[in-house]
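Student: Numbering (the working numbering), first residue to last: 104 to 362.
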């Protein structure tokens, strides 16, 4: 049993390689019953700023797991910044303990820092399949291990937090804009795991309420009409995991359907 969060498909792809019983956190989190039982339970999600998305943290606070083996796999693209250690701290803070936490290096889709064309070009160097094979072997053998963080990892995270503290107030509350290229297709409204996009007069409108900054809306827009209000490395380049269909992202994230 795996619970996953995905924006552009990386974490969903990883989850599909590790188990067949998959549940989307953006859908499950709305259910009244939050008690789950299985021989092993996994959480697969990306890290943003070295930490799990807010929605995943919220799910971990609410959920009750009855399992002999709880594991986390955290996908990232450049530097994990001690993500496993940070996730362990988050779990301990809500009275839970993981048996295994590891990171998985994939394409980095954070547009302000990375050119998607360059990221796709270097993806083979990351040896994603080999990483997944090793992680799957660990999980199947119920290996107990938390990826250690080095002092350099911790320093990277401290530097990241310092940069965030220096940003203008409300920066992330106004990070998206929709250009006149929008054709009102509604794809962005259906791939948003927080349901904070809707259509008005056939044009996408962001409320940014509970926005996870996953950037699924930007990466999946067929007209590149959803943009950032802050500089991007390459505003013309976008990415989604080539093994994951758009319909799978919609099924995982759509908040405009009856749950």
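Cβ coordinates follow ideal geometry from the N, Cα and C atoms, glycine included.
A quick note: this is a predicted structure, and the numbers were derived from the prediction, not measured.
At what residue ranges does the region 111-135 contain a whole run of the beta strand (DSSP E), taking only runs of 3 or more?
Tutor: 125-127
Student: Spatial neighbours of residue 201 within its chain, please: CB distance less than 8 Å, with the 5 preceding and 5 following residues excluded, ordered by chain position.
Tutor: The sequence position of residue 201 within the chain shown is 98, counting from 1. Excluding positions up to five away in sequence, the list reads 173, 174, 175, 190, 191, 194 and 249.
Student: Mind checking who residue 144 pairs with in its DSSP beta bridge?
Tutor: Numbered from its first residue, the chain shown carries residue 144 at position 41. BP columns for residue 144 point to 173.
Student: Can you list, in chain order, the residues of its chain with a C-beta nearer than 7 Å to that of residue 114? Leave out the 5 residues immediately preceding and following it.
Tutor: Residue mapping note: residue 114 aligns to position 11 of the chain shown, counting from 1. Correct list, in chain order: 107, 108, 147, 148, 149 and 178.
Student: Taking the alpha helix (DSSP H) that residue 349 belongs to, which residues open and close that run?
Tutor: Indexing the chain shown from 1 puts residue 349 at position 246. Where residue 349 is concerned, the enclosing alpha helix (DSSP H) stretches over 349-356.
Student: Kindly indicate the opening and closing residues of the alpha helix (DSSP H) around residue 220.
Tutor: Along the chain shown, read from residue 1 onward, the residue named residue 220 stands at position 117. Its alpha helix (DSSP H) spans residues 219-225.
Student: Here's a check: name, in chain order, each residue in its chain whose Cβ is nearer than 6 Å to the Cβ of residue 351, leaving out the five neighbours to either side.
Tutor: The sequence position of residue 351 within the chain shown is 248, counting from 1. Counting only Cβ-Cβ distances below 6 Å, and skipping sequence neighbours, we find nothing.
Student: Quick one: which unbroken alpha helix (DSSP H) runs of 4-plus residues sit fully inside the region 250-283? Chain order, please.
Tutor: DSSP runs (the alpha helix (DSSP H)) wholly in the region 250-283: 254-268.
Student: Please name the residue or residues paired with residue 344 in a DSSP beta bridge.
Tutor: Within the chain shown, numbered from 1, the residue matching residue 344 stands at position 241. Answer is none; residue 344 lacks a bridge partner.
Student: Leaving out the 5 sequence neighbours to the left and right, which residues in its chain are closer than 8 Å to residue 302 when beta-carbon positions are compared?
Tutor: In the chain shown, counting from the first residue as 1, residue 302 sits at position 199. These residues qualify, in order along the chain: 287, 289, 292 and 308.
Student: Please work out which residues of its chain come closer than 6 Å, Cβ to Cβ, to residue 139, disregarding the five sequence neighbours upstream and downstream, and give them in chain order.
Tutor: Along the chain shown, read from residue 1 onward, the residue named residue 139 stands at position 36. Closer than 6 Å at Cβ, skipping near neighbours: 168.
Student: Can you confirm whether the region 324-343 touches the region 153-165 when touching is taken to mean that 3 or more C-beta pairs between the two stretches lie within less than 8 Å?
Tutor: With the cut-off at 8 Å, the region 153-165 and the region 324-343 do not touch.
Student: Under 8 Å, Cβ to Cβ, is there at least one residue of chain D near residue 193?
Tutor: The chain inventory of the structure shown lacks chain D, comprising one protein chain alone.
Student: State the start and end residues of the unbroken alpha helix (DSSP H) segment that holds residue 411.
Tutor: In the structure as shown, the chain begins at 104 and stops at 362. Residue 411 is therefore absent and cannot be evaluated.
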